[in-house]
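The structure under discussion appears below in the form of structure tokens.
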Amino acid sequence: MSEDIRWEVVEESALTLPDHEAIAAMLGQAFPDWSHWYVGGRDYAGMQPERRVIGWGADGVVLAHLGIRRMFVTVGGEDVLVGDTGLVAVSPSLQGTGVGRELLVRTKAVLEGLRVPYGLLGTGEDRVPFYARCGWHELEGAVGTFSAFTADGVGVTETEQGGWMVLPVEGQLEDWPDGEIMLNGQQV
Ligand SMILES: CC(C)(COP(=O)(O)OP(=O)(O)OC[C@H]1O[C@@H](n2cnc3c(N)ncnc32)[C@H](O)[C@@H]1OP(=O)(O)O)[C@@H](O)C(=O)NCCC(=O)NCCS
């Protein structure tokens, strides 16, 4: 199946309106509970990515997608550069066929190219096993604080325990600082 996907790594400024619309359409299908966020060309809910990994199908349809933005977060009072990762989705008809794994393999190469110490993402507990199988590590019991998604209103601060995961890129897992993760902004 994956040979039918044309993979592309795109900087945000290179995306056209039809690209944004195609991405938003797929995100709306992959996240049905939040499909009201992904309308028209609005293909992000919080922090706008700087780079996207996109798997294109025929006729300009997006089959897989992920966004990255480099940012500093504070962990236990220490500034840490991360490639914040989000908007991870595979078209529902292809879920469970290995496309998500391929998306994350390609994402690791992008994070390596960006030369960040770590990838960072926050996810629901039910999706932790997917990322763990693809090389990400859950920060057991970690607490993270971030600004709520713009699509849901103003930047109210939210705190979540669990589901915070890192991918060591140029850094070592054991060097990730102890303490609360403060994003001081939104997640991708
Ligand atoms: C989560 C998502 C991106 C995974 O992509 P996918 O193409 O379905 O995953 P894959 O088929 O490539 O699975 C890769 C591995 O993860 C495992 N896996 C996938 N989802 C899993 C889950 N929910 N629980 C446990 N394992 C899971 C697979 O069994 C596979 O393991 P293996 O290759 O070692 O046997 C996709 O299901 C999706 O888009 N879901 C809806 C949107 C979403 O929740 N996105 C994540 C937001 S944080």
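Residue numbers (our numbering): 503 to 690. Idealized CB from N, CA, C, for every residue including glycine.
inquiry  = Short of 7 Å in beta carbon distance, which residues of its chain neighbour P551, apart from the five on each side in sequence? Order them along the chain.
reply    = Here residue 551 is taken as the residue at index 49 of the sequence shown, counted from 1. Cβ within range, chain order: E514, G569, I570, R571, L589, V690.
ask   = Excluding the five sequence neighbours on either side, which residues of its own chain have a C-beta within less than 7 Å of the C-beta of A524, listed in chain order?
value = Along the sequence shown, one-based indexing puts residue 524 at 22. Leaving aside the five residues that flank A524 on each side, the residues in its chain whose CB is nearer than 7 Å to its CB run, in chain order, G562, V563, V564.
ask   = Does DSSP classify M528 as helix, strand or coil?
value = The count along the sequence shown starts at 1 and reaches residue 528 at position 26. Residue state, collapsed to three classes: helix.
query = Beta carbon of F648: closer than 7 Å to some heavy atom of ligand 1?
reply = Mapped onto the sequence shown, residue 648 falls at position 146. No, the beta carbon of F648 sits no closer than 7 Å to any heavy atom of ligand 1.
task = To the nearest angstrom, report how far apart T659 and A653 are at their CA atoms.
result = The residue you call residue 659 lines up with position 157 of the sequence shown. The residue you call residue 653 lines up with position 151 of the sequence shown. Distance between the alpha carbons of T659 and A653 is about 14 Å.
ask   = Three-state secondary structure (DSSP) at E510?
value = Within the sequence shown, numbered from 1, the residue matching residue 510 stands at position 8. It is a strand residue.
query = Using the beta-carbon count (16 or more within 10 Å), is V607 buried or exposed?
reply = In the sequence shown, counting from the first residue as 1, residue 607 sits at position 105. With fewer than 16 Cβ atoms within 10 Å of its Cβ, V607 is classed as exposed.
inquiry  = Strictly by DSSP, which residues pair up with W666?
reply    = Taking the first residue of the sequence shown as 1, we reach residue 666 at position 164. G624, per the DSSP bridge assignment.
inquiry  = Just to be sure I understand the criterion: a residue counts if its Cβ is closer than 6 Å to at least one heavy atom of ligand 1. Which residues meet that?
reply    = A532, F533, V590, A591, V592, Q597, G598, T599, G600, V601, G602, R603, T625, D628, R629, P631, F632, R635
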